[in-house]
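Asks: After the structure tokens below, expect a handful of questions from me.
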Amino acid sequence: MENFDKFSKEYEESLEVKFKKANGIFYTDLRLATLLLNELTFDHENMKIIDPYCGTGVFLAAAAEKGMKNLFGIDLDKKAINLAKKYTPTAKFTCMDSIACEFKDIMKRFKLKEKFDFVISNPPYVPLKSTSLNTKEYLFLRQVKNYGDNLYIAALLRAKEMVNDNGFIAFIIPKNFLHVNAYSFFRREILRDFSIISIIDLGMYFKNVRGEQIVLILKKQKNDNNKIKIKKLIDNEFKLLTEIKQDFYNDKIILFENDEDVNIYKKFNKAYTTLNDYVKGYVGRGHSKDKNSIGGKDIRKFGFKTPTAVTSGNQIFIQNIYSAEAGIIACFGGELKANDTITIFTDGDPTMCRYVLGLIHSRLINFYLLKYCFNISTVTMHIDARYLKSIPFIVDNENFNVVLEYVNKLENLTYMSDEWFKYYDLLNRMVYRIYNLSQKEINFIDLTIKKLQSKKWDKNGK
Ligand SMILES: C[S@@+](CC[C@H](N)C(=O)[O-])C[C@H]1O[C@@H](n2cnc3c(N)ncnc32)[C@H](O)[C@@H]1O
Numbered sequence: 003m004e005n006f007d008k009f010s011k012e013y014e015e016s017l018e019v020k021f022k023k024a025n026g027i028f029y030t031d032l033r034l035a036t037l038l039l040n041e042l043t044f045d046h047e048n049m050k051i052i053d054p055y056c057g058t059g060v061f062l063a064a065a066a067e068k069g070m071k072n073l074f075g076i077d078l079d080k081k082a083i084n085l086a087k088k089y090t091p092t093a094k095f096t097c098m099d100s101i102a103c104e105f106k107d108i109m110k111r112f113k114l115k116e117k118f119d120f121v122i123s124n125p126p127y128v129p130l131k132s133t134s135l136n137t138k139e140y141l142f143l144r145q146v147k148n149y150g151d152n153l154y155i156a157a158l159l160r161a162k163e164m165v166n167d168n169g170f171i172a173f174i175i176p177k178n179f180l181h182v183n184a185y186s187f188f189r190r191e192i193l194r195d196f197s198i199i200s201i202i203d204l205g206m207y208f209k210n211v212r213g214e215q216i217v218l219i220l221k222k223q224k225n226d227n228n229k230i231k232i233k234k235l236i237d238n239e240f241k242l243l244t245e246i247k248q249d250f251y252n253d254k255i256i257l258f259e260n261d262e263d264v265n266i267y268k269k270f271n272k273a274y275t276t277l278n279d280y281v282k283g284y285v286g287r288g289h290s291k292d293k294n295s296i297g298g299k300d301i302r303k304f305g306f307k308t309p310t311a312v313t314s315g316n317q318i319f320i321q322n323i324y325s326a327e328a329g330i331i332a333c334f335g336g337e338l339k340a341n342d343t344i345t346i347f348t349d350g351d352p353t354m355c356r357y358v359l360g361l362i363h364s365r366l367i368n369f370y371l372l373k374y375c376f377n378i379s380t381v382t383m384h385i386d387a388r389y390l391k392s393i394p395f396i397v398d399n400e401n402f403n404v405v406l407e408y409v410n411k412l413e414n415l416t417y418m419s420d421e422w423f424k425y426y427d428l429l430n431r432m433v434y435r436i437y438n439l440s441q442k443e444i445n446f447i448d449l450t451i452k453k454l455q456s457k458k459w460d461k462n463g464k
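Straight run, no breaks: the sequence shown in this note's numbering ends on number 464.
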């Protein structure tokens, strides 16, 4: 067993990059597999466990270590299956396409009548536009398409067919499953038909896989007052952050960290209007093809990188690529033309534009985007219209002019000078006041942003 990771890795590295990409091959290490199994309760040693996309069989090897006896593994890759057999001789393995094959064929292959108690895997992640599923099951194909069109979505749908009532599915999947619109139908089905036992944030666990991953543990039992455990991989352990009632969610699943986090979210959703309630102009990508038009790389917070004359007009330019490190980068664009690396936002006149500019640069609004739109993702995102429009927005009569004054300073002072940072800080504090947040909530936002943003935006860290 000691050598499991070494041989598994050696085999993975021996595979051609193209083959790996097409089949979503990246293996889980034994440590993570064991941590995941520790989250599950096995009532007796004969409970049936399958990994239908098992690669070299790490989950089955870890389950065998725990004394489990009824183990099944499937993979397309014959060589991986041969290695798996070597490491876990007590398990039954077969080589087949367990996504395209109907479930009854899998049962026939293993000569089984009853479904599985546990379906555990790290399935392949491959957008289906680049592959095609070799099945004639029209409804299955349609569902895969409507549920997000990715191999891991198809794999999860198959897992649903394989698991017993009251059985468990434990899958490592991309974290963006929790919040990206394309997966909305599937999330809602899961929230309705399953109890979500826990969601464990793994961060960017796999070196060559883009984005972050989670462990999703589901019980095939309808939600009845279930509480979801939200955990995070910290120092080789799955640490419990908080518990949230499943009923709290009806689509997007935000990974809350504590009570402040939940309270801020509730405030954002209930107490305030959104930018959408105010904006009556255009929100969307720039579409100028002019080579002199402004692009994302031409702007910085509150201005342009090179001196640019702007007259009146009513546009705000926002760099379309959003990273946690830099946060919103936007400036007043007046009547200038912008290309599609800019998201344009028009409303009213230069005065209202500048008020909006002040608010969207604040820590509070960046926190909103990072946390409640992107679930604290460290990969870059596109700051598209639907996210901007959902921003909680208050036009505060009392402090309107103060925000304008600060924005004016930030536009005109030397960029990132001490004076500039002084006003950036004043702006942040003013925005907290406008949104009426408690000191505890402010501290939580400051801390979260501090951890994620580049040090250069932190006045004290400068
Ligand atoms: C992300 S790897 C993970 C393997 C293993 N579960 C682990 O965690 O180490 C996904 C595996 O799915 C297999 N696979 C991809 N498409 C498959 C399919 N249609 N049927 C069966 N296995 C498939 C790949 O060969 C690969 O071994």
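C-beta atoms are modelled at their ideal positions from N, C-alpha and C, and glycine is treated no differently. Please read these numbers as outputs of a predicted model, since none were measured by experiment.
Looking at I331 and A340, is the spacing between their C-beta atoms short of 8 Å?
Replies: Residue 340 sits at position 338 when you count from the first residue of the sequence shown. Residue 331 sits at position 329 when you count from the first residue of the sequence shown. No.
Asks: Decide yes or no for the touch test of the stretch 177-191 against the stretch 146-161: beta carbon pairs closer than 8 Å, at least 3 of them.
Replies: The stretch 177-191 is in contact with the stretch 146-161.
Asks: Hey, how far is the Cα of T137 from the Cα of K113?
Replies: The count along the sequence shown starts at 1 and reaches residue 137 at position 135. The count along the sequence shown starts at 1 and reaches residue 113 at position 111. So the two alpha carbons sit approximately 22 Å from each other.
Asks: Could you pull out every unbroken beta strand (DSSP E) segment of at least 3 residues lying fully inside the stretch 82-111, listed in chain order?
Replies: Counting whole runs of 3 or more residues, the stretch 82-111 contains the beta strand (DSSP E) stretches 94-97.
Asks: Give a yes or no on whether the C-beta atoms belonging to N336 and T313 are separated by under 8 Å.
Replies: Translated into positions along the sequence shown, residue 336 becomes position 334. Translated into positions along the sequence shown, residue 313 becomes position 311. Before going further, note that residue 336 is Gly rather than Asn in the sequence given. Yes, the Cβ-Cβ distance between G336 and T313 is below 8 Å.
Asks: Is the stretch 375-392 touching the stretch 267-281 in the sense that three or more CB pairs, one from each, lie closer than 8 Å?
Replies: The stretch 267-281 vs the stretch 375-392: in contact.
Asks: Sorted by chain position, which residues of the same chain lie with C-beta nearer than 7 Å to G463's C-beta, five sequence neighbours on each side aside?
Replies: Locating residue 463 in the sequence shown gives position 461, counting from the first residue. For G463, the predicted structure reports a pLDDT of 45, less than 50, and the residue's modelled location is therefore unreliable. The matter cannot be settled from this model.
Asks: Less than 7 Å between C-beta atoms, sequence neighbours within five positions excluded: which residues of the same chain meet that for N322?
Replies: To locate residue 322, count along the sequence shown from 1; it is residue 320. Result list for N322: R287, G298, T343, I344, T345, H384, I385, in chain order.
Asks: Tell whether a beta-carbon distance below 8 Å holds between D77 and C56.
Replies: The sequence position of residue 77 within the sequence shown is 75, counting from 1. The sequence position of residue 56 within the sequence shown is 54, counting from 1. Their beta carbons are under 8 Å apart, which means D77 touches C56 by this criterion.
Asks: Residues in the same chain with beta-carbon distance under 6 Å from T36, minus the five sequence neighbours each way, listed in chain order, please.
Replies: Locating residue 36 in the sequence shown gives position 34, where the first residue counts as 1. The answer, listed in chain order, is A64.
Asks: Could you name the residues of the same chain whose beta carbon sits closer than 7 Å to that of E15, not counting the 5 residues immediately before and after it, in chain order?
Replies: Here residue 15 refers to the residue found at position 13 of the sequence shown. Excluding sequence neighbours, E15 sits near nothing in its chain.
Asks: Would you call the stretch 108-122 and the stretch 78-87 in contact, with 3 or more CB pairs under 8 Å?
Replies: The answer is no - the stretch 78-87 does not touch the stretch 108-122, with fewer than three Cβ pairs under 8 Å.
Asks: Per DSSP, D203 is paired with what?
Replies: One-based indexing of the sequence shown puts residue 203 at position 201. Partner(s): I216, K234.
Asks: Please classify A66 as buried or exposed, where buried requires at least 16 neighbouring CB atoms within 10 angstroms.
Replies: Counted from its first residue, the sequence shown places residue 66 at position 64. A66 should be labelled buried.
Asks: Closest to E443 by CA distance: which of S290, N260, L454 is it?
Replies: In the sequence shown, residue 443 corresponds to position 441, counting from 1. The residue with the shortest Cα to Cα distance from E443 is N260.
Asks: Enumerate, from N- to C-terminal direction, the unbroken beta strand (DSSP E) stretches of 3 or more residues contained entirely within the stretch 300-327.
Replies: Complete beta strand (DSSP E) runs here, min 3: 317-321.
Asks: Considering only the alpha carbon of each residue, which of G350, F6, T380 lies closest to Q317?
Replies: Taking the sequence shown and counting its residues from 1, one reaches residue 317 at position 315. It is G350.
Asks: Using three-state DSSP, classify C56 as helix, strand or coil.
Replies: The sequence position of residue 56 within the sequence shown is 54, counting from 1. Coil.
Asks: Consider the C-beta atom of P126 and the heavy atoms of ligand 3; say whether any pair is separated by less than 7 Å.
Replies: Annotation note on ligand 3: not contained in the displayed structure, which lists ligand 1 as its ligands.
Asks: Going by the DSSP bridge assignment, what does C333 pair with across the sheet?
Replies: Looking up residue 333 in the sequence shown gives position 331. The partner list for C333 (beta bridge, DSSP) reads F319.
Asks: What is the DSSP secondary structure of G75, counted as helix, strand or coil?
Replies: Start at 1 with the first residue of the sequence shown, and residue 75 comes out as number 73. G75 falls in the strand class under three-state DSSP.
Asks: Does DSSP put I396 in a helix, a strand or coil?
Replies: Walking along the sequence shown from the start, residue 396 turns up at place 394. Three-state result, I396: coil.
Asks: Taking the runs of the alpha helix (DSSP H) that are 4 residues or longer, which of them lie wholly in the stretch 396-439?
Replies: If we require 4 residues or more, the alpha helix (DSSP H) runs fully inside the stretch 396-439 come out as 402-414, 420-436.
Asks: Taking the C-alpha atoms as reference points, what is the distance between L220 and Y437?
Replies: Numbered from its first residue, the sequence shown carries residue 220 at position 218. Numbered from its first residue, the sequence shown carries residue 437 at position 435. Approximately 37 Å between the Cα atoms of the pair.
Asks: Check K291 in the structure and name its three-state DSSP category.
Replies: In the sequence shown, counting from the first residue as 1, residue 291 sits at position 289. K291 falls in the coil class under three-state DSSP.
Asks: Compute the beta-carbon to beta-carbon distance between I202 and F240, rounded to the nearest angstrom, for a pair I have assumed lies under 8 Å.
Replies: The sequence position of residue 202 within the sequence shown is 200, counting from 1. The sequence position of residue 240 within the sequence shown is 238, counting from 1. Their Cβ separation, rounded to whole angstroms, is 5 Å, which keeps I202 and F240 in contact under 8 Å.
Asks: Would the beta-carbon of F61 be found less than 7 Å away from any heavy atom of ligand 1?
Replies: The residue you call residue 61 lines up with position 59 of the sequence shown. Flag set: Cβ of F61 near ligand 1.
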